[in-house]
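Enquirer: Below are the structure tokens for one structure; questions will follow.
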Amino acid sequence: MRASAGSRRPRVDGTRRAAGAAALLTVLLATAACAPAAQRTPPPSPAATAVTSSATAPSPSATTARQQPSEAQRVKAIVDGMSLAQRAAAVVMGNAPGTDPAALTAMMRGGFGGFILMGSNIPDTPDGLRIVTSALTTDPALPPLIATDEEGGDVVRLQWDDQPGADVLKTQPAAAAQAAFAARGRILKDAGITVNFGVIADVAQGPDSFIYDRSFGTDPAAAAERVAAAVRGEEPSVRSTLKHFPGHGAAEGDSHHSIPSTGMDLATWRAQVAPPFAAGIVAGAPLVMMGHLAYTAVDAEPASLSPRWHEILRHDLGFRGVIVTDDLNMLTDSGVPAYTDVVADAVRSVAAGSDLVLALGGAGPDTPQRIADGLVAAVQHGDLPADRLSDAVSRVVALRLQLAVAR
Numbered sequence: 045m046r047a048s049a050g051s052r053r054p055r056v057d058g059t060r061r062a063a064g065a066a067a068l069l070t071v072l073l074a075t076a077a078c079a080p081a082a083q084r085t086p087p088p089s090p091a092a093t094a095v096t097s098s099a100t101a102p103s104p105s106a107t108t109a110r111q112q113p114s115e116a117q118r119v120k121a122i123v124d125g126m127s128l129a130q131r132a133a134a135v136v137m138g139n140a141p142g143t144d145p146a147a148l149t150a151m152m153r154g155g156f157g158g159f160i161l162m163g164s165n166i167p168d169t170p171d172g173l174r175i176v177t178s179a180l181t182t183d184p185a186l187p188p189l190i191a192t193d194e195e196g197g198d199v200v201r202l203q204w205d206d207q208p209g210a211d212v213l214k215t216q217p218a219a220a221a222q223a224a225f226a227a228r229g230r231i232l233k234d235a236g237i238t239v240n241f242g243v244i245a246d247v248a249q250g251p252d253s254f255i256y257d258r259s260f261g262t263d264p265a266a267a268a269e270r271v272a273a274a275v276r277g278e279e280p281s282v283r284s285t286l287k288h289f290p291g292h293g294a295a296e297g298d299s300h301h302s303i304p305s306t307g308m309d310l311a312t313w314r315a316q317v318a319p320p321f322a323a324g325i326v327a328g329a330p331l332v333m334m335g336h337l338a339y340t341a342v343d344a345e346p347a348s349l350s351p352r353w354h355e356i357l358r359h360d361l362g363f364r365g366v367i368v369t370d371d372l373n374m375l376t377d378s379g380v381p382a383y384t385d386v387v388a389d390a391v392r393s394v395a396a397g398s399d400l401v402l403a404l405g406g407a408g409p410d411t412p413q414r415i416a417d418g419l420v421a422a423v424q425h426g427d428l429p430a431d432r433l434s435d436a437v438s439r440v441v442a443l444r445l446q447l448a449v450a451r
């Protein structure tokens, strides 16, 4: 959508902007590499379903404290106790229409790792939404990731969220973005939502860009500052997600119906597109959403299916959290024959490095279960390494355990 004149940023010389963004990215990546481990990975915390050791009852002594299982040990014990089918379901975030608590509870008994709330799942009041989110949690000791995409501005699911979105915040100081997302996070938490797919880290190429109204603007450095502020604002209440990696602004077009592509090379991407993602990671965002976007100079495949882009996110940007795909039905709707099978797309995305696959009901109400079954078959046939699935499950379970403690 075209932005109003009042929200447009003044033009900045492209050479100066790229040089400034490159310098910022260098600092951000150096900061991420040198940061203490506690800043790069979520701190250990006891879980309600913690696997207890065979040691004696806890006491104030340091010896007993050392006997308590670490977060990594708890995660490993849970994952090791899962069957292959349970592991496959645990990396699927699905959706089913409606607000009927019984129907939603029945779906989540399938062991899915999460549920994304869309328009049909949102009642008119916070009290009604709390009934819905409560129904999605079948095991409070290992709660699912309950997500929505509450951005503000053009994308609002909760009609009582009166906080501004990036369309307004791009012209205001970063402190305003932090305050707005802090308030938004409290609204989401109050409703029982634990994950927000709401922080747009895309740098728009200009006011006519598809993503402009939803982004924090065209200046990589300014967008990076506001993305980091939004993550810090949400952190006490919900888990933030950066999207749409590696960046929708450079790859113009609507990825709901096509595979937007760009010939931008990696060096230019680092300078002009990566800074907001790097800033959000340094700020502590625990999830990054992979876009169905093709940077053909890096990989002809969409990033959501690209091992190379997953490697860049992990190794170049130092991200250690959960990588989630954008809705896989967007790939099937792209019209590209290679992506018409949502189950095959899910297998390829996990094999490429994604930890959580997002699938709405566009391919049918049984889509989440079909994907889980497809992941099982892929492991059994050797198309998906069992270790890769276990690694994905471990990241998702670790985040779910942290949510259990937060509750």
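Going letter by letter, the sequence shown gives residues 45 to 451 in the working numbering.
Ideal placement from N, C-alpha and C gives every residue a C-beta, glycine not left out.
Which residues mark the beginning and the end of the beta strand (DSSP E) in which alanine 191 is found?
Expert: Element bounds for alanine 191: 189-192.
Enquirer: Spatial neighbours of glutamate 279 within its chain, please: CB distance less than 7 Å, with the 5 preceding and 5 following residues excluded, ordered by chain position.
Expert: Shown here for glutamate 279: same chain residues with a beta carbon closer than 7 Å to its own, the five before and five after excluded, namely Gly328 in chain order.
Enquirer: Determine the direct distance from the alpha carbon of methionine 374 to that of isoleucine 231, and round the result to whole angstroms.
Expert: Each residue's Cα considered, the two are about 28 Å apart.
Enquirer: On the premise that threonine 192 lies in contact with threonine 237, defined as a C-beta separation below 8 Å, what is that separation, rounded to the nearest angstrom?
Expert: Note that residue 237 is isoleucine in the sequence shown, not threonine. Indeed they touch by this definition, with Cβ atoms about 6 Å apart.
Enquirer: Label leucine 72 either buried or exposed according to how many other C-beta atoms from any shown protein chain fall within 10 Å of its C-beta, with 16 as the threshold for buried.
Expert: Reliability of the predicted coordinates at leucine 72 is poor, the pLDDT of 48 falling under 50, and no value is obtained from them.
Enquirer: Helix, strand or coil: which one does DSSP assign to serine 305?
Expert: strand
Enquirer: With DSSP as the reference, label alanine 318 as helix, strand or coil.
Expert: Note: alanine 318 maps to coil in three-state DSSP.
Enquirer: Among Val391, Asn165, Tyr383, Val441, whose alpha-carbon lies nearest the alpha-carbon of glycine 142?
Expert: Asn165
Enquirer: Check serine 97 in the structure and name its three-state DSSP category.
Expert: Unreliable placement is indicated for serine 97, whose pLDDT of 30 sits below 50; the coordinate value is still reported in the next sentence. Reduced to three states, the DSSP call for serine 97 is coil.
Enquirer: How many angstroms separate the CA atom of leucine 173 from the CA atom of isoleucine 160?
Expert: Cα-Cα distance, rounded: 13 Å.
Enquirer: Between which two residues does the beta strand (DSSP E) holding glycine 242 run?
Expert: Counting along the chain, the beta strand (DSSP E) containing glycine 242 begins and ends at 239-244.
Enquirer: Look at alanine 273 and alanine 219 and say whether their C-beta atoms are less than 8 Å apart.
Expert: yes
Enquirer: Among Gln413, Met162, Ala448, Leu180, which has the Cα closest to the Cα of threonine 149?
Expert: Leu180
Enquirer: In or out: histidine 359 buried (at least 16 other Cβ within 10 Å) or exposed?
Expert: Burial call: exposed.
Enquirer: Hey, which unbroken runs of the beta strand (DSSP E) at 3 residues or more fall wholly within the region 311-388?
Expert: 331-334, 366-369
Enquirer: Please check the pair glycine 293 and alanine 248, which I expect to be a contact at CB under 8 Å, by giving their CB distance rounded to whole angstroms.
Expert: 4 Å
Enquirer: Since serine 158 sits in a beta bridge, which residues does DSSP pair it with?
Expert: Checking the sequence shown, residue 158 turns out to be glycine, not serine. Note: glycine 158 sits in a beta bridge opposite Met137, Leu189.
Enquirer: Assuming threonine 262 and glycine 307 form a contact by the criterion Cβ under 8 Å, report the distance between their Cβ atoms to the nearest whole angstrom.
Expert: With 8 Å as the limit, threonine 262 and glycine 307 do not qualify as a contact, their Cβ atoms being about 19 Å apart.
Enquirer: Taking the continuous alpha helix (DSSP H) assigned at phenylalanine 225, which residues delimit it?
Expert: Run containing phenylalanine 225: 218-234, per the alpha helix (DSSP H) assignment.
Enquirer: What does serine 284 pair with, by DSSP beta-bridge criteria?
Expert: Per DSSP, the beta-bridge partners of serine 284 are Asn240.
Enquirer: How far does the alpha helix (DSSP H) with leucine 419 in it reach, from first residue to last?
Expert: Boundaries of the alpha helix (DSSP H) harbouring leucine 419: 411-424, taken from the DSSP string.
Enquirer: Can you give the Cα-Cα distance for alanine 224 and asparagine 240, rounded to whole angstroms?
Expert: 14 Å
Enquirer: Within the same chain, show all residues whose beta-carbon is closer than 8 Å to that of methionine 126, passing over the 5 residues directly before and after it, in chain order.
Expert: So the list reads Ala134, Val437, once near-sequence residues are dropped.
Enquirer: When you compare only the Cα positions, how much space is there between alanine 18 and glycine 324?
Expert: This structure cannot settle anything about residue 18, because the visible part of the chain is limited to 45 through 451.
Enquirer: With distances taken from CA atoms, which of Pro188, Gln216, Pro170 is nearest arginine 201?
Expert: Pro170
Enquirer: At what residues does the alpha helix (DSSP H) containing threonine 215 begin and finish?
Expert: From DSSP, threonine 215 is part of no alpha helix (DSSP H); its letter is neither H nor E.
Enquirer: Within 10 Å of its beta-carbon, does arginine 276 have 16 or more other beta-carbons around it, so buried, or fewer, so exposed?
Expert: Counting Cβ neighbours within 10 Å, arginine 276 comes out buried, since at least 16 surround it.
Enquirer: Would you mind reading off the limits of the alpha helix (DSSP H) that contains glycine 172?
Expert: 170-180
Enquirer: Where does the unbroken alpha helix (DSSP H) through aspartate 124 begin, and where does it stop?
Expert: 115-124
Enquirer: Using the rule of at least 16 other Cβ atoms within 10 Å of the residue's Cβ for burial, across every protein chain shown, is alanine 146 buried or exposed?
Expert: exposed
Enquirer: Could you check what DSSP says for valine 271 in three-state terms: helix, strand or coil?
Expert: helix
Enquirer: Tell me the residue span of the alpha helix (DSSP H) that contains leucine 445.
Expert: Per DSSP, leucine 445 belongs to the alpha helix (DSSP H) from 430-450.
Enquirer: Can you tell me whether leucine 447 is buried or exposed, with buried defined as 16 or more other CB within 10 angstroms of its CB?
Expert: buried
Enquirer: Return helix, strand or coil for leucine 148, following the three-state DSSP convention.
Expert: helix
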